[in-house]
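Engineer:
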Amino acid sequence: ISSFTVSCIFVENIFDLQAHSITILPELFSRYEDHRDSILDDILLSIVRLPTSKKSLRCYRLPSGESIQMFTALIMHLIHSPVQTINSNITDAGNELNLLNTYSIGQNIAYKFLTLFFRSCGTKQGEDDYRIIFENFLADLLTTANRPEWPSSEILLTLLSRILMKNFSNQSLPIQTRLQSLEYLGSVAAQLRKDTIEIDVLNSRENQERIDQVIHKTLLSIETDEDILEVYKTDPLRHHRSLIIYLNELSQSEPTGHFAKMFHIGQWLRDINLTIERLNQTLTRRVKPSNHAELVDVDTDESIDNNNPSNPTITVDDEIEFKKSEKLTILKMLTLPITIRKQQRYTLDIDYDDICLLMRYLTSNRPFLKTFDVYLKQLAAVFQSEAGTNIRSKAMKCLCTVVEADPTILGRNDIKSCVKVGLTDKSVSVREAAIDLIGRYIVHKQLLILQYYDVLCERSIDTGVSVRKRVVKIFRDVCLSQPDFVRIPDICSRLLRRINDEESIRKLVLETFQQLWFTPTRNHYEIRQRVQTIIDVLIDAQKQNNTWLENLVKEFLQTNDKQSNDDKARIREQRKDVLKAIHDIINELVESILKIESANDQVSSNKMVATFVALYALGKANPEHVLSHVSTIVEYLNIKCTSYNDNVIVQYVAKILEFTVPLMKSASSSIIYSLEGSLTKLLLVSGQLVIHSSIACLAAAVRLSKNVALVKEVFLRYHSFIIQCQLKIIENPNDEFKGSAQLARSIYILGVLCKYFDIERSEYDDLQFSVEDIFQLFMFFIERPDSVVKLKSLVGLGYFLQRYGQYLIEDTIRQLYHTYLLDRRPLAAQLRCQVLINLEEYFRDCIRRMAEQDIDYLHLPSTTNTNEDENSNDAHQITGANLKDTTDIHSEMASSIAQCYLRIVLDTYLSEDEIIRQCVRKVVSCILEQGLVHPVQFIPFLIAMTTDRDINIQQSAEQNLQDLDKTNPGIIQTKVMQGFKMSYQLQKLLLIQYNNNQQVDPQSDIIRGKSFCLYGVRFAKKKKTNLKY
């Protein structure tokens, strides 16, 4: 019969057959002790017939509406069934002893089953994987915990937790077994934490009223005498009595309810006996002191029933007697009558949730719920003692599960310690799990964000890509969910530093800023908040550079050849929304200018600078948005410059006007002339940055007003002054020239004028000097011994050569630049840097000049006679041909210049001067970006750059190598060994600097470079192996 009924349990989709079998088997298991082992064996052998999917069939319906597997219900019924009495109508010592013995048998059966079951299904065995069966069983146990008809779930979970802790601590077991044990223990600990949180609200007035109502209804179902009812209501064991009455009623419809009742009574008796035993031990120690260690019962279900409130006036003897009387009361519960028919309505009115509430109240003092701290400490101890990366990573994920149940435990000191250890772990997977633990639950709690903010900032520059990406996600969620958080500006600054990171991180950063700033909104407060954040971030980033916002906007509006077609389509679709958001921000920025101006202090001055920087960066995306505010902005062009911030404001006002003036076609000539006058005055009194911006703005104004006479006047003014100085120097070559500062300023202005105005055009024919005259003038002053004049002349020459690049391939400039670049004296470092800056700006300006010519040629057809179609078409054809020829000429010249200077520029990189190496890096990036020469000759130097101490050089070189590998697969591997040698040469130079300045440790950078080179070698070998096959 037992074999047949076991088989029926594992027959799917026949509920009635399974239901009858689950009723018969516990009866057989209870009555026939000799058959118990065979029944358990049959069940364990039949496990293979259970469905091995997470969507396993859960046919056993619980009163709460949830379901569990028939298999799980059967096991718990079997564990309940051995607990029984000799005669339930007699409350003597024989019944008590039999209950305790049979309860121990039930515990042993539970332990035996769990041990065999976990061995079979807890881990993967060969090709068979029954772990899902075990996981489903564990899920059912967690579901039935604290349910009145399933008392064995607590025993099973407690025993299982003991087995799991023992397994994951045993380093001799297979790693997979230990990992699974950790994972299961995490699930148990999480459920324990949920139950603990629920217990915290059990003593609320509402819940106590519900419990009292359950007690009243259950007692009323068996007793009608009001006096006896009042006595019962004050009985310390009234909760236990109510539960037994409910189970008595349940056993009328479900026979297995009787087994659950007996199991509860056996458990309570055992708990009271353990309490009495410890009290006797306490009494013995008082009578006879001993130096021996106190005996502690380590059995699974050790408990003290704390129904009696602690009272310091009660003696130990009195407490023992009290517990004995409780034992008798529990034994008398065996004889509680079953409700009679006419009173049955009372129990039927009890809601199942209320009975579960009563059960949770009874288990609140049991040891199982108090073992949470034990399990948590076991998990925490893994980080201190375990060397296996997989174990530490799994332990951190288990902590995530526990924190999911109660995020407040992140504030505990032991959890903080675990997280701190995990964040500094040598394994990326452990660090990622630690970050995931923090980020999953702190986003909506500002206090927790502040507690863990510093560690998140540290991990934002982690070497692991997955760790950095997870931190970026946390920062994004904080920005979007907590826009008023005090650290938002700092978070944005840190996110911006990751914009050149790995591609997935870069995309995530861009998505964050698009959601944060560049999504249209009608909420004026939100717009004001965006503006304030942008200003704060700009203030924070002023020490580095002010170009990040401009570059960020370009990412949302401009496409390039490196982007995929999907990215280009996405940018075109989002362009309208981004421009609308920018328009709203610009309007708010202009309003902010007027508000900030009223406060006259350093903070407001910094905010004013940041506001104009933001106006420039955002307005450049669409100048039409700024056009309506020009009248407000232009007033700041004439402010009195008494500080550095004032000069920066004027500089950015001129930059803003540079791109808005071309749109002022309807403006009166007087306004334009007034603007031109203000710009020319700035040349007389302003610093270098303002001068450059003023001349650039003047070029835009003159392009609109055609006021060539003003340009000639400015040219003549400064050219004449320089000529006068030249004559004085020639006349008195041995005398010290006293006007060096004014001369240097004039030379600089002349160079910038040459950059923005082409004096070879016909409208400048009446000037008394030529391009060649100006070139010779620069060369004259470059050869002067005065260091200030020499440097400014070299700067001015650089601007001049941006317009007249043909001089770069002439011998005069080639010899000059080569001489400076080869001069490795420390005193010549500034001149070497300026030569490299000149080359970089020339290559960058090639794009700007070709764009200007595009605009000029596009406007040319409008001046031709459009009355005759044929002539118009000819004009178009000529224009298109000339445009193509001009573009080809400029590209060819830039390519020739790049080839002319490339070798010496690359050789200049091997320098101990970090500033020189940074300048070389910029020149190299610029040439590679435009594709002026074949990239193969850059590769050894780029590999060496990845070993540089400067993080910007490292990142730029790595990005260049990644781009080359995408466009020219396999090209890097051809130069890996040369790159390795170049890295060695660089490190020798850096070591010399290190010996002279004992402040940095070069080892980490050397290792970084070697790692990249070795990666290249390994990749090359792998490719050769693949080619062989």
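All residue numbers for the sequence shown refer to the numbering used here, where the first residue is 21 and numbers rise by one. Virtual Cβ for every residue (Gly too), placed ideally from N, Cα, C.
(1) Let me know the secondary structure DSSP gives Tyr266 once reduced to three states.
(2) Rounded to whole angstroms, what's the CA-CA distance from Ile264 to Asp232? Just pull it up for me.
(3) Report yes or no: do the region 712-729 and the region 685-704 share at least 3 C-beta pairs separated by less than 8 Å?
(4) Taking all protein chains shown into account, do 16 or more other C-beta atoms lie within 10 angstroms of the C-beta of Gly1036, making it buried, or fewer, making it exposed?
(5) Is it buried or exposed, Ile34, if we count other Cβ atoms within 10 angstroms and call 16 or more buried?
(6) Going by beta carbon distance, what residues of the same chain come within less than 7 Å of Ser882, once the five residues before and after it are set aside?
(7) For a minimum of 4 consecutive residues, which ranges assigned as the alpha helix (DSSP H) are wholly contained in the region 681-764?
(8) What is the DSSP secondary structure of Ile481, reduced to helix, strand or coil?
(9) With a CB to CB cut of under 8 Å and the five nearest residues on each side skipped, what residues in its chain are close to Leu926?
(10) Quick check on this structure: which residue in Ser931, Arg198, Lys574 and Leu984 has the alpha carbon closest to the alpha carbon of Lys185?
(11) Between Phe632 and Val673, which are expected to be in contact by the criterion C-beta below 8 Å, what is the C-beta distance as a whole number of angstroms?
(12) To the nearest angstrom, how far is it from the Cα of Ser27 to the Cα of Ser66?
(13) Alpha carbon to alpha carbon, what distance is there between Leu257 and His236?
(14) Can you tell me whether Ile59 is buried or exposed, with buried defined as 16 or more other CB within 10 angstroms of its CB?
(15) Quick check on the DSSP output: the alpha helix (DSSP H) that includes Gly818 runs from which residue to which?
(16) Tell me, to the nearest whole angstrom, how far the beta carbon of Leu841 is from that of Arg834; I am working on the premise that it is less than 8 Å.
(17) How about Leu419 and Gln471: do their beta carbons lie closer than 9 Å?
(18) Compare the Cα-Cα distances from Asp521 to each of Ile547, Ile511 and Val492 and report the closest residue.
(19) DSSP three-state label for Arg81, please.
(20) Cβ of Ile99 within 9 Å of Cβ of Ile129?
(21) Use the C-beta contact count for Phe24: other C-beta atoms within 10 angstroms, 16 or more gives buried, fewer gives exposed.
(22) Please state whether DSSP places Ile106 in a helix, a strand or coil.
(23) Can the beta-carbon of Asn410 be found closer than 9 Å to that of Lys347?
(24) Exposed or buried, Asn658, counting other C-beta atoms within 10 Å across all chains shown (16 or more means buried)?
(25) If you check the beta carbons only, do Leu814 and Val855 fall under 9 Å apart?
(26) State yes or no: is the C-beta of Ser207 within less than 9 Å of the C-beta of Phe188?
(27) Please classify Leu635 as buried or exposed, where buried requires at least 16 neighbouring CB atoms within 10 angstroms.
(28) Which partner residues does Glu88 have in the DSSP bridge list?
(29) Less than 9 Å between CB atoms is the rule here; does Gly459 satisfy it with respect to chain D?
(30) Using three-state DSSP, classify Asn543 as helix, strand or coil.
(31) Assuming Thr105 and Asn118 are in contact, meaning their beta carbons sit under 8 Å apart, how far apart are those beta carbons, in whole angstroms?
(32) Which value, in whole angstroms, describes the spacing of the CA atoms of Ile21 and Glu53?
(33) Compare the Cα-Cα distances from Leu516 to each of Lys390, Ile779, Ile95 and Asp560 and report the closest residue.
(34) DSSP three-state label for Val423, please.
(35) Which first and last residues belong to the alpha helix (DSSP H) in which Cys512 is found?
(36) In chain order, what residues of the same chain have a beta carbon less than 7 Å from the beta carbon of His645, not counting five sequence neighbours either side?
Structural biologist: The structure says:
(1) Looking at Tyr266 - three-state DSSP - the assignment turns out to be helix.
(2) Those two C-alpha atoms are separated by around 15 Å.
(3) They touch, by the three-pair rule.
(4) Legend: pLDDT at Gly1036 = 49, less than 50; position of this residue unreliable, no value from coordinates given.
(5) When all chains shown are included, Ile34 counts as exposed.
(6) Residue placement at Ser882 cannot be trusted, given a pLDDT of 43 that sits under 50; what the coordinates show is reported in the next sentence. Cβ-Cβ distances below 7 Å link Ser882 to nothing in the same chain once the five nearest sequence neighbours on each side are left out.
(7) With a minimum length of 4 residues, the continuous alpha helix (DSSP H) runs that stay inside the region 681-764 are 689-705, 708-725 and 728-751.
(8) Of the three classes helix, strand and coil, the one that applies to Ile481 here is coil, per DSSP.
(9) Cβ within range, chain order: Val940, Val944, Gln957, Phe958 and Phe961.
(10) Position check: residue 185 holds Met in this sequence, whereas Lys was assumed. The shortest C-alpha separation from Met185 is found at Arg198.
(11) Yes, they are in contact, since the Cβ atoms of Phe632 and Val673 sit about 6 Å apart, within 8 Å.
(12) Rounded to whole angstroms, Ser27 to Ser66 spans 8 Å at the Cα level.
(13) His236 and Leu257 have their C-alpha atoms roughly 13 Å apart.
(14) Answer is buried; the Cβ neighbour count reaches 16.
(15) Ser807 to Arg823 is the span of the alpha helix (DSSP H), which, as asked, contains Gly818.
(16) No, Leu841 and Arg834 are not in contact; Cβ-Cβ is about 11 Å, not under 8 Å.
(17) Cβ atoms of Leu419 and Gln471: not closer than 9 Å.
(18) Closest by C-alpha distance to Asp521, out of Ile547, Ile511 and Val492, is Val492.
(19) Three-state result, Arg81: strand.
(20) Their beta carbons are under 9 Å apart, which means Ile99 touches Ile129 by this criterion.
(21) With fewer than 16 Cβ atoms within 10 Å of its Cβ, Phe24 is classed as exposed.
(22) In this structure, Ile106 counts as coil in the three-state DSSP scheme.
(23) Their beta carbons are not under 9 Å apart, which means Asn410 does not touch Lys347 by this criterion.
(24) Asn658 should be labelled exposed.
(25) Closer than 9 Å, so yes.
(26) Not closer than 9 Å, so no.
(27) Burial state of Leu635 is buried, judged by a 10 Å Cβ sphere holding 16 or more other Cβ atoms.
(28) Reading off the sequence, residue 88 comes out as Ile, not Glu. Paired residue(s): Tyr80.
(29) In the structure shown, chain D does not exist; there is a single protein chain.
(30) The answer is coil: DSSP assigns Asn543 none of H, G, I, E or B.
(31) Going by Cβ atoms, the distance from Thr105 to Asn118 rounds to 6 Å, so yes, they are a contact pair.
(32) Ile21 and Glu53: Cα-Cα distance of roughly 15 Å.
(33) The residue with the shortest Cα to Cα distance from Leu516 is Asp560.
(34) Three-state result, Val423: helix.
(35) Its alpha helix (DSSP H) spans residues Ile508 to Leu516.
(36) Close CB contacts of His645 within its chain, under the 7 Å cut and outside five residues either way in sequence, are with Ile602, His603, Ile606 and Gly639 (chain order).
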